[in-house]
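Accompanying notes for the structure given below.
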Amino acid sequence: MERTLVILKPGCLQRGLAGEVISRFEKRGLKLVAMKMVRLTDEVLDVHYAHLKDKPFFQWLKDGMMAAPVILCCWEGHCAVQVVRDMAGATRASKAVPGTIRGDYSTSAQENIVHTSDSPENAAIELERFFVESDYCFYDSPLDAFKYAPDEI
Ligand code: TYD
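Residue numbers for the sequence shown follow the numbering used here, beginning at 440 and rising by one.
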């Protein structure tokens with residue numbers, strides 16, 4: 440099954456929204472297979488946000504991501520990358536649809552609660568950036584038969 444990276448950003452943690460956001464992914468049926476709290480560094484953010492390095496807000500973005508710890512999560516499920524991305528909503532939270540995470544908890548482009556991988560290819564690269572193999576926990580999901588068709592597992 441597909442895996443994707445979610446970063447609960449510093450604002451999510453500071454505002455006490457981590458449990459709420461994690462709960463949304465759980466209720467959707469996604470499986471949490473790795474999780475850790477870390478402080479991100481300038482070096483890793485240069486790589487993670489390399490596609491934005493020429494944007495005027497690049498330093499603000501990095502400063503915001505280093506302002507407090509973040510929670511890194513790997514979620515697994517059928518079509519997990521797109522499902523999680525859709526649940527997060529538009530990057531500019533002022534345009535995010537209500538019912539999405541950003542649409543319910545933010546109006547900011549920068550302080551938009553979560554990072555989510557944008558493609559299966561980037562999910563694999565990003566997961567390797569933040570997790571090592573021993574960070575993953577493999578456990579049975581007895582309810583999978585009630586969540587998925589046989590060809591979705
Ligand atoms: P991006 O990778 O374009 O979006 P997403 O997080 O939805 O995959 O942008 C990365 C982060 O850069 C975004 O989550 C917040 C920040 N950002 C700004 O601060 N201002 C902006 O105008 C944009 C587009 C992004």
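No residue lacks a Cβ here, since even glycine has one placed at the ideal position from N, Cα and C.
Check whether residue i and residue j have beta carbons under 9 Å apart
i, j, result
"Val-536", "Thr-443", "no"
"Ile-564", "Val-460", "no"
"Cys-513", "Leu-566", "yes"
"Val-553", "Ala-529", "no"
"Val-477", "Val-522", "no"
"Arg-524", "Asp-557", "yes"
"Asp-485", "Met-505", "no"
"Gly-516", "Arg-467", "yes"
For residue i, the three-state DSSP class (helix, strand or coil)
i, result
"Arg-442", "strand"
"Glu-465", "helix"
"Met-476", "strand"
"Leu-511", "strand"
Residue burial classification, residue i (beta-carbon count within 10 angstroms, cutoff 16)
i, result
"Tyr-544", "buried"
"Ala-473", "buried"
"Pro-495", "exposed"
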